Amino acid sequence: MDINPPSGFSTEYKLLLLPFSFMTRCYVLPDLYAGKMHALLFRAWKNRVKGRDWYDFEWYVRNNVTLDFNHLCQRTCQLGSLKESELTRDSFKQLLKDKITKTNIEMVKNDVRPFIKNPSEMDIWSDNYFTQLVDMIR
């Protein structure tokens with residue numbers, strides 16, 4: 000949970016039915032996507048990767064969710080990842096492609112494998128696959 004989110008995000012109310020019916024307020028998908036892309040690019044895990052970040056990245060692209068680029072920029076400024084105006088749509092995509100080439104995709108698969116019903120779905124995961132996903136970001 001982000002207890003100090005940058006301004007400029009949008010929320011919506013969702014009905015959850017379990018363990019009992021209740022309404023909850025949450026980020027809209029484009030802003031969640033922005034948070035995920037910030038985590039994927041700038042989260043410091045030393046030599047460890049977080050496979051869930053990569054799984055979620057694929058999910059957002061596959062489901063045609065639009066990335067709230069302005070919210071991503073606000074996050075990078077607020078958290079000091081980059082200086083204001085250093086992030087453009089092109090530089091974001093290049094940073095992401097650079098991250099892909101520096102990431103051991105086998106480690107990504109190994110990290111997320113225990114949580115996937117059908118691990119063979121990850122057979123396609125490769126540098127090339129994720130690079131093509133970058134080009135599909137809306």
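Heads up: the sequence shown begins at 0 in numbering that gives the first Met the number 0, then just goes up one per residue.
The beta carbon of each residue, even a glycine, is placed where N, CA and C say it ideally should be.
Just so we're clear, the structure is a prediction, and the values are computed from it rather than from any experiment.
Identity of the residues DSSP links to residue 11 by a beta bridge: Sequence index remark: in the sequence shown, residue 11 carries index 12 (1-based). Bridge partners of residue 11: 25.
Range covered by the alpha helix (DSSP H) that runs through residue 109: In the sequence shown, residue 109 corresponds to position 110, counting from 1. From DSSP, the alpha helix (DSSP H) with residue 109 extends over 104-111.
For residue 100 and residue 67, believed in contact at Cβ under 8 Å, the rounded distance: Counted from its first residue, the sequence shown places residue 67 at position 68. Counted from its first residue, the sequence shown places residue 100 at position 101. No, residue 67 and residue 100 are not in contact; Cβ-Cβ is about 26 Å, not under 8 Å.
Minimum C-alpha distance to residue 12 - residue among 6, 23, 5 and 19: Numbered from its first residue, the sequence shown carries residue 12 at position 13. Selected option, being the one with the closest Cα: 23.
Length of the line joining the Cα atoms of residue 27 and residue 62: Locating residue 27 in the sequence shown gives position 28, counting from the first residue. Locating residue 62 in the sequence shown gives position 63, counting from the first residue. Roughly 14 Å separates the two Cα atoms.
Selection from 90, 46, 51 and 98 that minimises the alpha carbon distance to residue 112: Position 113 of the sequence shown, counting from 1, holds the residue named residue 112. Comparing Cα-Cα distances from residue 112 to each of 90, 46, 51 and 98, the minimum goes to 51.
CB contact flag (residue 8, residue 30, <7 Å): Against the sequence shown, residue 8 aligns to sequence position 9. Against the sequence shown, residue 30 aligns to sequence position 31. In contact: residue 8 and residue 30 (Cβ atoms closer than 7 Å).
Residue 18 (DSSP reduced to helix, strand or coil): Counting from 1 along the sequence shown, the entry for residue 18 is found at position 19. Correct three-state label for residue 18: coil.
Minimum C-alpha distance to residue 74 - residue among 130, 41 and 49: By one-based count along the sequence shown, residue 74 stands at place 75. The shortest Cα separation from residue 74 among 130, 41 and 49 belongs to 41.
Pairwise C-alpha distance: residue 71 and residue 53: Start at 1 with the first residue of the sequence shown, and residue 53 comes out as number 54. Start at 1 with the first residue of the sequence shown, and residue 71 comes out as number 72. Cα-Cα distance, rounded: 17 Å.
Under 7 Å between C-beta atoms of residue 32 and residue 64: If you number the sequence shown from 1, residue 32 lands on position 33. If you number the sequence shown from 1, residue 64 lands on position 65. If you check the CB distance, residue 32 and residue 64 come in under 7 Å.
Residue 16 classed as buried or exposed, judged by whether at least 16 other C-beta atoms fall within 10 angstroms: Locating residue 16 in the sequence shown gives position 17, where the first residue counts as 1. Classification for residue 16: exposed.
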